[in-house]
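Novice: Please find one structure pasted underneath; my questions will follow.
Numbering (mature numbering (1 follows the signal peptide of the UniProt record, and there is no 0)), first residue to last: -20 to -1, 1 to 213.
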């Protein structure tokens, strides 16, 4: 009798520790709502197709005051000069960062509502805006005829997928004395791009700290260069 009790106890013990797998499936939908304010400069002649410059500001210009996006970059240049193009400057909300898909939706909206040459869309940004420009260019490389990131951090994905933008003429700028975003980021992505992009250049300003963008945006040369870039050529 004692023998039978021992066998039953052993079988019970084995059953208690048996393992099983369960397969399942989850279907869900996550809806995100975003809102972007923006400033849009119109060229003098809107009857003809004109290029579009997209400018992404840095972290200091976040918020709800749209005039902040005009402190630096193309809108600052427009205060004393003319540009024969559309210039789009969205504003990133507080406590957010640039979202490439939201920006892409905005570009599509602006294209639909204005007489824009789709072969001459140029993307540029400074600091956080340069980071956003890198990510947007890699997410939608077919959209842009030129890329100008200034003093920007570069994520790991662009470093790995560098050849996704091999067909985009690119001009990178950074200050050697930058103590906010180290110049090594621009050097590293430049070296990566050189392996497959024949039209990429890096300019390092020896005397510039984080604000290396004033040297670029206050100079007509960068706009002249952008306007020469055309995806059809």
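Beta carbons: idealized from backbone N, C-alpha and C, even for Gly.
I need the DSSP call for residue 126, collapsed to helix, strand or coil.
Specialist: In this structure, DSSP gives residue 126 an extended state, which the three-state scheme calls strand.
Novice: For the alpha helix (DSSP H) that residue 166 lies in, which residues bound it at each end?
Specialist: 164 to 174
Novice: Do residue 65 and residue 27 have their C-beta atoms closer together than 9 Å?
Specialist: no
Novice: Mind checking whether residue 163 and residue 184 have CB atoms under 9 Å apart?
Specialist: yes
Novice: Going by other Cβ atoms of all chains shown within 10 Å of its Cβ, with 16 needed for buried, is residue 203 buried or exposed?
Specialist: buried
Novice: Would a C-beta distance cut-off of 9 Å place residue 70 and residue 49 closer than the cut-off?
Specialist: yes
Novice: Can you tell me which residues form a DSSP beta bridge with residue 30?
Specialist: 96
Novice: Which residue from 9, 47, 38, 195 puts its Cα closest to that of residue 76?
Specialist: 38
Novice: Can you tell me where the beta strand (DSSP E) with residue 118 in it begins and where it stops?
Specialist: Counting along the chain, no beta strand (DSSP E) covers residue 118; the unbroken alpha helix (DSSP H) around it starts and ends at 108 to 119.
Novice: Go through its chain and collect everything with a Cβ distance to residue 181's Cβ below 6 Å, but skip five positions before and after it.
Specialist: For residue 181, same chain residues with a beta-carbon under 6 Å away, outside a window of 5 residues either side, are 151 in chain order.
Novice: Quick one, are the C-beta atoms of residue 216 and residue 130 less than 9 Å apart?
Specialist: Outside the shown range of the chain (-20 to 213) lies residue 216, about which nothing can therefore be said.
Novice: Check residue 35 in the structure and name its three-state DSSP category.
Specialist: Reduced to three states, the DSSP call for residue 35 is strand.
Novice: Measuring alpha carbon to alpha carbon, tell me which residue in 67, 93, 22, 117 is nearest residue 78.
Specialist: 117
Novice: Hey, could you find the ends of the alpha helix (DSSP H) residue 207 is sitting in?
Specialist: 200 to 208
Novice: By Cβ distance below 6 Å, which residues in the same chain neighbour residue -17 in space, the five residues on each side in sequence not counted?
Specialist: A caution first: residue -17 carries a pLDDT of 49, below 50, which makes its placement in the model too unreliable to give a value.
Novice: What is the residue span of the beta strand (DSSP E) that residue 70 lies within?
Specialist: 66 to 71
Novice: Could you compute how far the alpha carbon of residue 171 sits from the alpha carbon of residue 186?
Specialist: 19 Å
Novice: With distance defined between alpha-carbon atoms, name the residue in 174, 141, 136, 132 nearest to residue 120.
Specialist: 141
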